[in-house]
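Numbering (the working numbering), first residue to last: 284 to 706.
In this text, a Cβ means the ideal position worked out from N, Cα and C, and glycines have one as well.
The structure displayed is predicted, hence computed values, not measured ones.
Structure, as structure tokens:
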Ligand SMILES: Nc1ncnc2c1ncn2[C@@H]1O[C@H](COP(=O)(O)OP(=O)(O)O)[C@@H](O)[C@H]1O
Ligand SMILES: [Mg+2]
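Structure below.
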């Protein structure tokens, strides 16, 4: 099987790494990839949202399966376009990729299928939105409708801050058309967890649970980031919560959409808030999480290529998906300045020495290989990942590996795993 992985982050490195273990996979390409993926795949210099470019490449190279990592090409309809051209791509079609592409679409789906979610109102006009905000006050949550690279959700501390956010999104249009509409929703309280499932539109197979760490600093302080680390399994997701989520979240959505003629294939990711009233849905993503994937896929026993093909072909019921018992933790090393403007082109040393430690996998995110060196090229640079018999030993081992890695300005959280320890 020849595979094309689309994307360039730690998630795509983990996906390519897992696929490279499959006996059925003879060759992996990655577009555009990064300095770490280069070791296991042939990099192709095509951007992840250049759909005509990717299609052309996949046709010429007779790619058997294209695996789409990030949301942008999915929301643009890459899977539909590939299918029209007789090519298989893992991921949802455009009509259901809107679960992530439009938060308004997503909230309406949640409402239609009676999922537990925060109460909300949709506005297409900044004056009405501001009027509503003044009436409700804080705490409240303001969300840009469309894709905003994880920056489109604001939880203002004061009404003034909220009014400003509405203006930036709807009037100044800092996220472009993604801010044509906003959602203003009730603020929920609780611990968050991510649940992901594989599905072919009928069969649903949950992935093991995981927990991301969104804030830049220890103890969940500071601004939100793309995610600073994750571990799997996440004890906050008990067996009961998992079962409840399948029954009350994933089943109603996937079956409900199918009855409307929309078949959801690929990975579906629900961001949940464990409130006092039970789990409530914050959002859906239509792809693997980053960095959750780096903590989940090392625990997958089964062949990822088989699972992905079965999702595309509608034969997931024939696949037995098995998981390893051990724990996995992935700690993100980021560039100085991240999540704001950050430094680039810093040489990374110690990668080999870190990788030599038992049970360590160093997934690359924002890196590039140049003249035999590995340089930083993004905000999140590495996902230092460790397996372990329990979360404590996995944590200790991951931080031991980080101790061997250096680049100027490197920052990372020191408390990834703590929430799970002793639970
Ligand atoms: N209704 C809510 N109540 C409290 N916090 C929320 C709510 N909605 C979102 N958040 C917080 O904002 C973060 C980002 O929101 P989310 O809906 O996941 O959008 P995105 O990931 O697209 O930025 C969540 O992970 C959560 O921490
Ligand atoms: Mg989110």
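Got a sec: does ligand 1 put a non-hydrogen atom nearer than 7 Å to the Cβ of residue i?
i: residue 382; result: no
i: residue 555; result: no
i: residue 561; result: no
i: residue 319; result: no
i: residue 433; result: yes
i: residue 286; result: no
i: residue 401; result: yes
i: residue 390; result: no
i: residue 466; result: no
i: residue 469; result: yes
i: residue 624; result: no
i: residue 532; result: no
i: residue 426; result: yes
i: residue 631; result: no
i: residue 504; result: no
i: residue 438; result: yes
i: residue 497; result: yes
i: residue 444; result: no
i: residue 475; result: yes
Is the separation between the beta-carbon of residue i and that of residue j shorter than 8 Å?
i: residue 680; j: residue 631; result: no
i: residue 424; j: residue 438; result: yes
i: residue 461; j: residue 412; result: no
i: residue 548; j: residue 595; result: yes
i: residue 627; j: residue 659; result: yes
i: residue 308; j: residue 298; result: no
i: residue 519; j: residue 553; result: no
i: residue 685; j: residue 667; result: yes
i: residue 581; j: residue 670; result: yes
i: residue 405; j: residue 380; result: no
i: residue 474; j: residue 557; result: yes
i: residue 362; j: residue 536; result: no
i: residue 774; j: residue 606; result: Within the shown structure, residues of the chain are numbered from 284 to 706, placing residue 774 beyond reach of any answer.
i: residue 445; j: residue 465; result: no
i: residue 338; j: residue 384; result: no
i: residue 593; j: residue 599; result: yes
i: residue 555; j: residue 540; result: no
i: residue 482; j: residue 416; result: no
Quick check: does the Cβ of residue i come within less than 7 Å of any heavy atom belonging to ligand 2?
i: residue 512; result: no
i: residue 566; result: yes
When we look at the beta-carbon of residue i and count the other beta-carbons within 10 Å, is it buried (16 or more) or exposed?
i: residue 400; result: buried
i: residue 290; result: buried
i: residue 408; result: exposed
i: residue 696; result: buried
i: residue 521; result: exposed
i: residue 374; result: buried
i: residue 372; result: buried
i: residue 699; result: buried
i: residue 603; result: exposed
i: residue 313; result: buried
i: residue 517; result: buried
i: residue 611; result: buried
i: residue 275; result: For the chain, the structure presents residues 284 to 706; residue 275 sits outside this window and is missing.
i: residue 502; result: exposed
i: residue 322; result: exposed
i: residue 432; result: exposed
i: residue 512; result: buried
i: residue 397; result: exposed
i: residue 730; result: No statement about residue 730 is possible, as the shown extent of the chain runs from 284 to 706 and does not include it.
i: residue 622; result: buried
i: residue 499; result: buried
i: residue 559; result: exposed
i: residue 459; result: exposed
i: residue 471; result: buried
i: residue 346; result: buried
i: residue 706; result: exposed
i: residue 704; result: exposed
i: residue 629; result: buried
i: residue 410; result: exposed
i: residue 562; result: buried
i: residue 655; result: exposed
Using 7 Å as the cut-off, classify the Cβ of residue i as near or not near the heavy atoms of ligand 3, replying yes or no.
i: residue 519; result: Within the structure as shown, ligand 3 is missing, the only ligands being ligand 1 and ligand 2.
I want to know whether the region 568-582 touches the region 288-303 - three or more CB-CB distances under 8 Å.
Enough Cβ pairs lie closer than 8 Å, so yes.
Under 8 Å: do the region 609-621 and the region 508-523 share three or more Cβ pairs, one atom per stretch?
Contact annotation: the region 609-621 touches the region 508-523, with at least three C-beta pairs closer than 8 Å.
Between the region 451-467 and the region 478-492, are three or more C-beta pairs nearer than 8 Å?
Taking a cut-off of 8 Å on C-beta distances, the region 451-467 does not touch the region 478-492, as fewer than three cross pairs fall below it.
Decide yes or no for the touch test of the region 491-505 against the region 659-678: beta carbon pairs closer than 8 Å, at least 3 of them.
Judged by pairs of C-beta atoms under 8 Å, the region 491-505 does not touch the region 659-678, as fewer than three such pairs exist.
Report yes or no: do three or more beta-carbon pairs, one from the region 557-572 and one from the region 348-355, lie closer than 8 Å?
Yes, the region 557-572 touches the region 348-355.
Is the region 300-317 in contact with the region 644-654, if contact means three or more CB pairs nearer than 8 Å?
Yes: at least three Cβ pairs fall under 8 Å.
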